[in-house]
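First comes the structure, then the notes that go with it.
In UniProt numbering, the protein residues as written are 1 to 168.
Below, the structure is given as structure tokens:
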């Protein structure tokens, strides 16, 4: 089986996920993992799928022929070194401003950790009217790294940033 990472972007419409999943199934693929979103009227998705080598090209052709969608397909690889790590879900909340994601990512990288998943959003704070940034970041910490050290480093970015740990 060949592992594929499929990214899809295009105008959102009812039935789009059904069309994509049927295409994968009808061409001998197996949908493994995904992260799908509706963003500003568009469908944006990333899917991990597996397919037997003999059906790889037909699946790629079928996905590329889906109307109105930009599809990119990469073969899966494990490019990160296999370093033992502990995954922690950080829940991050603070006043929104340009560059906040870059600041968070920089602190995490400089601590030697790696963001493996990030869900973020901006919303209006009730009764305040200011935009609030919130995110859940799954971070792989090297074994032995103290998560409180990472929390302190993140919270030192600005006084209004709150970082909690989400229970698994």
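Just so it is clear, CB atoms sit at the ideal spot from N, CA and C, and this is done for glycine as well.
Would you verify that the beta carbon of residue i is, or is not, closer than 8 Å to some beta carbon of chain C?
i	result
residue 10	Structure shown: chain C not included; a single protein chain is present.
Is residue i helix, strand or coil by DSSP?
i	result
residue 51	strand
residue 130	coil
residue 164	strand
residue 13	coil
residue 88	strand
residue 44	strand
residue 26	helix
residue 75	strand
residue 151	helix
residue 157	coil
Taking all protein chains shown into account, do 16 or more other C-beta atoms lie within 10 angstroms of the C-beta of residue i, making it buried, or fewer, making it exposed?
i	result
residue 163	buried
residue 130	exposed
residue 25	exposed
Roughly how many angstroms separate the alpha carbons of residue i and residue j, rounded to a whole number?
i	j	result
residue 76	residue 5	6 Å
residue 45	residue 18	13 Å
residue 122	residue 14	25 Å
residue 51	residue 16	21 Å
residue 151	residue 106	13 Å
residue 88	residue 144	13 Å
residue 127	residue 73	45 Å
residue 86	residue 146	10 Å
residue 95	residue 110	23 Å
residue 161	residue 117	19 Å
residue 20	residue 69	10 Å
residue 22	residue 120	29 Å
residue 167	residue 90	9 Å
Between the options, which has its C-alpha nearest residue i's C-alpha?
i	options	result
residue 2	55, 25, 16	55
residue 99	157, 35, 16, 85	157
residue 27	53, 7, 20, 59	59
residue 66	108, 33, 40, 7	7
Using 8 Å as the threshold, is the C-beta distance between residue i and residue j below it?
i	j	result
residue 42	residue 9	yes
residue 113	residue 154	no
residue 165	residue 137	no
residue 35	residue 49	no
residue 38	residue 61	no
residue 115	residue 125	no
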